[in-house]
Amino acid sequence: MIYAIMSTSFDSNCYIIKSKKVALVDSGINPEKILRKINELNIGIDFLINTHCHYDHIAGDLRIKEKTNAKICVHKIDAESMEGNNKEETLADLFGCKFSGIKIDLKLTDGQMMDLGKIKLKVIHTPGHTRGSICLYEPKSKSLFSGDTIFSDGIGRTDLPGGDWIKLKESIERLLKLHRSSGVEKIYPGHGSIGSGDDIEKIYRIYFG
Ligand SMILES: [Zn+2]
Ligand SMILES: [Zn+2]
Numbered sequence: 008m009i010y011a012i013m014s015t016s017f018d019s020n021c022y023i024i025k026s027k028k029v030a031l032v033d034s035g036i037n038p039e040k041i042l043r044k045i046n047e048l049n050i051g052i053d054f055l056i057n058t059h060c061h062y063d064h065i066a067g068d069l070r071i072k073e074k075t076n077a078k079i080c081v082h083k084i085d086a087e088s089m090e091g092n093n094k095e096e097t098l099a100d101l102f103g104c105k106f107s108g109i110k111i112d113l114k115l116t117d118g119q120m121m122d123l124g125k126i127k128l129k130v131i132h133t134p135g136h137t138r139g140s141i142c143l144y145e146p147k148s149k150s151l152f153s154g155d156t157i158f159s160d161g162i163g164r165t166d167l168p169g170g171d172w173i174k175l176k177e178s179i180e181r182l183l184k185l186h187r188s189s190g191v192e193k194i195y196p197g198h199g200s201i202g203s204g205d206d207i208e209k210i211y212r213i214y215f216g
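Residue 216 is where the sequence shown ends in the working numbering, and the numbering goes up by one at each step.
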């Protein structure tokens with residue numbers, strides 16, 4: 008079961024994925040919203056998986072950790088920026104916010120499977136927006152949690168520290184390949200509305216075609 012907590016401001020969308028275990032994809036800047044939702048559902052959180060190290064996706068991590076003891080997970084490259092409190096790469100300065108770094112419990116690598124029970128999430132390293140950006144693919148419902156790599160109506164910025172247009176193009180080509188071979192049904196992006204797999208084809212043509 009997927010519960011979407013859509014952003015109403017500049018923070019990120021957050022997604023709760025519930026199987027035997029529960030994963031939260033990104034904590035956004037308003038963790039109380041998430042804590043209210045899990046109270047309502049009467050569940051905990053086992054894994055907090057950050058799609059990348061940007062402040063608008065990770066600001067609530069400490070609060071969620073404190074309340075749920077979830078394991079904080081992020082790709083090993085962005086883990087360095089979060090643990091080392093690299094304010095340039097986390098954009099904490101840009102957002103004018105204090106961030107004092109956070110310990111990462113699980114440093115993810117490409118191809119790793121996150122086992123939630125019946126639901127499994129595959130980690131796909133998709134650098135370009137940040138060096139350690141990931142997407143998560145859930146093969147049963149063919150759902151792609153795409154962070155800020157690709158949205159239903161655009162692509163992630165590459166002009167921020169760690170951004171790289173060529174790498175983003177290659178990453179989106181990987182997602183396109185996944186869609187063409189497996190038929191991605193839904194995209195759950197870090198910002199904006201939920202999209203379909205065909206949006207990957209459309210966006211690729213618009214930006215890189
Ligand atoms: Zn974002
Ligand atoms: Zn971002």
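Each residue gets a CB set at the ideal place from its N, CA and C atoms; glycine is no exception.
Distance cut-off 7 Å: residue i Cβ against heavy atoms of ligand 1
i: residue 19; result: yes
i: residue 197; result: yes
i: residue 61; result: yes
i: residue 82; result: no
Endpoints, alpha helix (DSSP H) assigned at residue i
i: residue 86; result: 83 to 90
i: residue 205; result: 205 to 215
i: residue 38; result: 38 to 48
i: residue 94; result: 94 to 97
i: residue 185; result: 172 to 189
i: residue 74; result: 68 to 75
i: residue 63; result: 62 to 65
Rounded C-alpha distance that separates residue i from residue j
i: residue 179; j: residue 21; result: 21 Å
i: residue 230; j: residue 62; result: With the chain covering 8 to 216 only, the question about residue 230 has no answer from this structure.
i: residue 48; j: residue 216; result: 43 Å
i: residue 161; j: residue 14; result: 17 Å
i: residue 5; j: residue 125; result: Residue 5 is absent from the model: the chain starts at 8 and stops at 216.
i: residue 206; j: residue 200; result: 12 Å
i: residue 7; j: residue 8; result: Since the first and last residues shown for the chain are 8 and 216, residue 7 lies out of range.
i: residue 3; j: residue 192; result: The displayed coordinates of the chain run from 8 to 216. Any statement about residue 3 would go beyond what the structure contains.
i: residue 102; j: residue 186; result: 34 Å
i: residue 58; j: residue 142; result: 6 Å
Candidates the options, of which the one nearest residue i by Cα
i: residue 214; options: 123, 164, 96; result: 164
i: residue 32; options: 49, 60, 47, 46; result: 60
i: residue 132; options: 147, 124, 114; result: 114
i: residue 72; options: 85, 55, 84, 88; result: 55
i: residue 189; options: 147, 158, 50; result: 147
i: residue 53; options: 45, 78, 74, 46; result: 78
i: residue 51; options: 123, 85, 91; result: 123
i: residue 208; options: 158, 168, 169, 166; result: 158
i: residue 112; options: 10, 80, 95, 130; result: 80
heavy atom of ligand 2 below 7 Å from residue i C-beta
i: residue 163; result: yes
i: residue 155; result: yes
i: residue 136; result: yes
i: residue 64; result: yes
Extent of the continuous beta strand (DSSP E) to which residue i belongs
i: residue 24; result: 21 to 25
i: residue 2; result: The structure shown does not extend to residue 2, since the chain is modelled only from 8 through 216, so no value can be given for it.
i: residue 101; result: From DSSP, residue 101 is part of no beta strand (DSSP E); its letter is neither H nor E.
i: residue 196; result: 193 to 196
i: residue 54; result: 54 to 56
i: residue 122; result: 120 to 122
i: residue 154; result: 150 to 154
Checklist entry - When the Cβ atoms of the segment 145 to 159 are set against those of the segment 189 to 203, are three or more pairs found closer than 8 Å? => result yes
Checklist entry - Do the segment 113 to 121 and the segment 35 to 42 touch if we need at least three Cβ pairs shorter than 8 Å? => result no
Checklist entry - Touch check for the segment 166 to 174 and the segment 136 to 148: three-plus C-beta pairs under 8 Å? => result yes
Item to check | Segment contact flag, the segment 22 to 39 with the segment 65 to 73, C-beta cutoff 8 Å, min 3 pairs | outcome: yes
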